[in-house]
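S.K.:
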Amino acid sequence: MTLLILMISLLVLSIATTYVVSEIRSERAKLRAGTSSLRETEEDSLPAAYIS
């Protein structure tokens with residue numbers, strides 16, 4: 001029974017991860033096209049270590 005719960009939770013986790021990754025990729029594509037709902041450039045989204 002515990003194994004079944006573990007398998008189902010892993011399945012849900014993988015589906016959620018796939019959804020989040022696809023959302024991030026589509027948002028990055030919108031950023032490059034300049035039609036994003038977020039008002040930031042790619043430079044703004046870089047960590048501070050890369051900028052300085």
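Going by the UniProt record's numbering, the first residue of the sequence shown is number 1, and it counts up by one from there. Cβ coordinates follow ideal geometry from the N, Cα and C atoms, glycine included.
Can you grab the Cα-Cα spacing for the pair I5 / L11, in whole Å?
M.R.: Reading the sequence shown from its first residue, position 5 is the one you call residue 5. Reading the sequence shown from its first residue, position 11 is the one you call residue 11. Their Cα atoms are separated by approximately 10 Å.
S.K.: Quick one: what's got a C-beta closer than 7 Å to S26's C-beta in the same chain, skipping five residues either side?
M.R.: Translated into positions along the sequence shown, residue 26 becomes position 26. Cβ within range, chain order: n/a, list empty.
S.K.: Could you give the DSSP three-state label for M1: helix, strand or coil?
M.R.: In the sequence shown, residue 1 corresponds to position 1, counting from 1. Note: M1 maps to coil in three-state DSSP.
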